[in-house]
Amino acid sequence: MRTLGAWPSGWRRDGAHRDPREDPAVLRRLAETAEAAGLDFLFFGDWLATAPEFEHTDPYLLARVEPFAAISYLAALTERIGLVATVSSAHSEPYTTARSSASIDLLSGGRVALCVATGAEARSASNFGWDTVHSDADRFAAAGEFIEILRGLWDSWEDDAFVSDASTGRLIDQAKLHPLNFVGAYRASTGPLNAVRPPQGHPPIAVVGGSLGARHLAARDADLLFASPRTFDEAVEQYVVAKQQVAREGRRAQEFRIVMPIMPVVAQTREEAWDAYDELVDLVPLPDEQPAHEPLALPANRSVRTLSSVLGVPLAGVSLDDAVPVRIAARFSSLGTQLVEVVRSRSGRTVGGPRPTTYRQLLVAHAVTAPVLVGSAADIADHFETWFRARAVDGFTILSAFSAAAGGTGDSFDAFATLVVPELQRRGLFRTDYEGATLREHLGLPAVPNTRLRVQLQPL
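Residue numbering for the sequence shown is 25 to 484, as defined by the working numbering.
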């Protein structure tokens with residue numbers, strides 16, 4: 025859920041949303057579209073800082089609705105779709121997080137999940153009065169304790185603790201309310217939680233990252249891993265390793281989900297999708313085209329000079345919209361050759377072909393590294409099916425290149441929902457309607473018994 029779009033300059037498109045003050049209407053429309061399509065959940069990432077340079081790299085980070093506020097708002101406007109909020113284990117208190125998430129899970133009928141971000145960024149740390157960033161070992165260990173406290177607090181109340189016996193005046197069975205008394209190396213919480221046990225028992229936990237620390241944390245403590253493999257082969261390998269890690273932790277690997285992001289640019293035909301991608305490329309401002317009297321402060325990696333270094337050939341005197349000659353492409357570095365393939369996969373352009381590769385296309389492919397997938401509904405579904413059946417991923421999060429303005433229609437997510445989802449349904453790869461009520465049920469995750477009850481029932 026990136027209201028200003030996941031493409032750096034998608035907001036420049038005609039009719040696109042470009043004012044965060046109108047986010048409520050855009051969030052509502054996107055949520056309604058996603059729920060009508062039967063998607064599992066709406067995922068709200070987070071970043072605990074802002075800076076002017078995000079204007080040209082990640083405009084959705086400049087100003088955005090706080091995740092818990094967003095899912096609270098959408099819980100009242102939706103009925104079935106899951107709601108995933110990101111929380112920082114470094115800068116949030118587990119008791120407050122457990123209370124808020126349990127409350128929203130109750131209010132939404134069991135549709136909440138938490139993405140636990142470990143945090144390792146100096147600018148965000150400074151907003152909380154920190155002058156240092158903790159080591160990887162410390163932050164992942166602290167995140168593990170954070171999750172352990174969440175689950176312990178969620179289990180404070182047994183499900184039948186409220187006896188509500190009006191005749192005796194006995195509201196609760198006090199033996200079924202449990203303190204936590206957790207003291208770790210990084211976190212502590214006495215408990216019990218002053219919110220009833222969430223309808224899901226334990227709302228699903230997600231972790232983002234490809235580092236060894238993130239993958240270990242996910243294998244031990246999470247239900248979902250948001251991963252970003254660079255290639256198909258890497259995804260297959262990481263999938264096997266992650267499932268094996270989960271099994272070594274004594275958990276059922278089939279109850280652990282690996283999900284990766286994708287930015288589909290889809291249209292009725294492949295050629296129309298290529299044209300839509302070309303339009304996105306043209307929206308990316310480049311420093312070599314800026315007026316001398318009022319240039320934008322653009323990222324350094326967008327210049328012709330940078331492109332020349334990446335390609336390994338001099339580019340003095342070339343125009344960005346010049347077609348790349350075959351004889352020049354033959355001298356490209358290995359990185360340059362990879363960029364040529366990226367451009368081909370995104371736009372159907374080839375060096376020396378009827379749709380020629382241009383220097384602009386190469387430069388934007390270098391500068392914008394988002395996982396873009398361009399094509400018809402069948403092309404997108406083919407990609408999904410190939411990766412899913414090869415056990416490279418269990419699912420995808422859909423990044424929208426741009427959103428339509430409040431009151432408008434026709435954004436990139438609308439195209440995905442109306443074109444790709446029906447094709448996936450036709451192939452039997454996606455639901456035609458929600459079968460369960462909770463997010464755990466959407467994800468095929470089992471119910472979680474109360475851990476306190478399990479302890480009490482252990483044989484002597």
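Backbone N, C-alpha and C fix where the C-beta goes; we use that ideal spot for every residue, glycine too.
Scanning its chain for C-beta atoms nearer than 8 Å, with the 5 sequence neighbours on each side dropped, one finds around residue 299 the residues 291, in chain order. Residue 248: not part of any alpha helix (DSSP H); member of the beta strand (DSSP E) spanning 248-250, first to last residue. The C-alpha of residue 438 lies about 18 Å from the C-alpha of residue 98. Counting only runs that start and end inside the region 35-112, the beta strand (DSSP E) elements of at least 3 residues fall at 65-68, 106-112. Residue 154 sits away from residue 425, with the two beta carbons spaced by 9 Å or more. Looking from the CA of residue 337, the closest CA among 351, 325, 457, 345 belongs to 351.
In the three-state scheme derived from DSSP, where H, G and I count as helix and E and B as strand, residue 206 is classed as strand. Annotation for residue 50: 27, 41, 427, 430 place their beta carbon closer than 7 Å to its own, counting only its chain and skipping 5 residues before and after. Within its own chain, the residues whose Cβ lies closer than 6 Å to the Cβ of residue 379, once the five positions on either side in sequence are excluded, are 372, 373, listed in chain order. Counting of Cβ neighbours within 10 angstroms places residue 262 among the buried residues, the total reaching 16 or more. Distances from the alpha-carbon of residue 475 to those of 266, 179, 468, 100 put 179 closest. Membership of residue 138 in the beta strand (DSSP E) is indicated by the continuous run 136-141. If the five residues before and after residue 432 are omitted, its C-beta is found closer than 7 Å to the C-beta atoms of 39, all from its own chain and listed in chain order. In the structure shown, the three-state DSSP call for residue 374 is strand. Counting only the Cα atoms, residue 406 lies some 10 Å from residue 444. In the structure shown, residue 181 falls within a strand segment according to DSSP collapsed to helix, strand and coil. Contact between residue 241 and residue 167 holds: CB atoms are separated by about 6 Å, below the 8 Å threshold. Put simply, the region 318-325 does not touch the region 354-368. Fewer than three CB pairs are less than 8 Å apart. Three or more Cβ pairs closer than 8 Å define a contact, and the region 246-256 falls short of that threshold against the region 78-94.
Between the C-alpha atoms of residue 78 and residue 84 there is a straight-line separation of about 8 Å.
DSSP places residue 189 within a strand segment (E or B) once states are collapsed to three. When DSSP states are grouped into helix, strand and coil, residue 320 belongs to the coil group.
Residues 389 of the same chain have their beta carbon placed closer than 7 Å to that of residue 366, with the five preceding and five following residues left out of the count.
Relative to residue 462, the option among 346, 63, 45, 304 whose CA is nearest is 63. Under DSSP, residue 286 takes part in a beta bridge, and its partners are 422.
Cα atoms of residue 152 and residue 115: separation of roughly 7 Å, rounded to the nearest angstrom. Boundaries of the beta strand (DSSP E) harbouring residue 195: 194-196, taken from the DSSP string. Under the three-state reduction of DSSP output, residue 281 falls in the strand class.
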